[in-house]
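Visitor: I have a structure I would like to understand better, so I am pasting it below and will then ask my questions one at a time.
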Amino acid sequence: MPDEDIQQKEEATKEILKQAEVDLPEEEQMKMGKPLKDDTGVNPADMEFLQMLMSKIEDGEIDLHVPSSLLNEPVYEALSEEAQGKADYNAMTLLSTIRQIRQLWEMGDKESYQIQNLVHQVRMTKERLEEVGGDIYII
């Protein structure tokens, strides 16, 4: 009897899933995978920051897999060992978000809500960190 119950439940589940299947045209599927675009435009300060970031990446000044490439070495060297550790940790976090931004940028989503939020997050985090430790980062 328990095997029959399991089999009935499996069949019921398959039937429900079959009813829920929807075949979307490829064009619709492509639209669903793209972040929404903000028709009001990007904050000018964030757009300037975004363009500066992309320029530094393209020029090779920022290596997306080397967190230390974000550090302003003269300022960093003057920090205490504890402050350097925090700067290193924050550089990894910032660089991870910058990689996401770069990926969206390369996909052509330069004015989506997603890229705007990520750029704003990086800019605000950088400014907050530099209020405490000085001009630690080159961004």
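Last residue of the sequence shown: 163 (our numbering), numbering continuous.
Even glycine gets a Cβ: it sits at the ideal position worked out from N, Cα and C.
1) I need the straight-line Cα distance from ARG126 to GLN43, nearest angstrom please.
2) CA-CA distance, MET24 and ILE30?
3) Buried or exposed for GLN32, please, with buried defined as at least 16 other CB atoms from any protein chain shown within 10 angstroms of its CB.
4) With which residues is LEU95 paired in a DSSP beta bridge?
5) Taking Cβ positions only, does ASN141 come closer than 7 Å to chain B?
6) What residue range is occupied by the uninterrupted alpha helix (DSSP H) comprising PRO49?
7) Rounded to whole angstroms, what's the CA-CA distance from THR37 to GLU45? Just pull it up for me.
8) CB-CB under 7 Å to ARG123, same chain, minus the five flanking residues each way: which ones, in chain order?
9) How many whole angstroms separate the CB atoms of PRO91 and ALA115, which I take to be in contact at a CB cut-off of 8 Å?
10) Give me the Cα-Cα distance between HIS144 and LEU153, rounded to the nearest whole angstrom.
11) Give a yes or no on whether the C-beta atoms belonging to ALA111 and ILE162 are separated by under 7 Å.
12) Once you ignore the five residues that flank GLY158 on each side, which residues in its own chain have a CB closer than 7 Å to its CB?
Guide: Quick look at the numbers:
1) As the crow flies, the alpha-carbon of ARG126 is around 39 Å from that of GLN43.
2) The chain is shown only over 25 to 163; residue 24 falls outside these bounds and no answer can be derived.
3) The residue in question, GLN32, is exposed, as its Cβ has fewer than 16 Cβ neighbours within 10 Å.
4) TYR161
5) In summary, chain B is missing from the structure at hand, where a single protein chain is found.
6) No alpha helix (DSSP H) holds PRO49; DSSP gives it neither H nor E.
7) 13 Å
8) Only LEU88 meet the Cβ criterion.
9) That pair is a contact at about 4 Å.
10) 14 Å
11) no
12) VAL99
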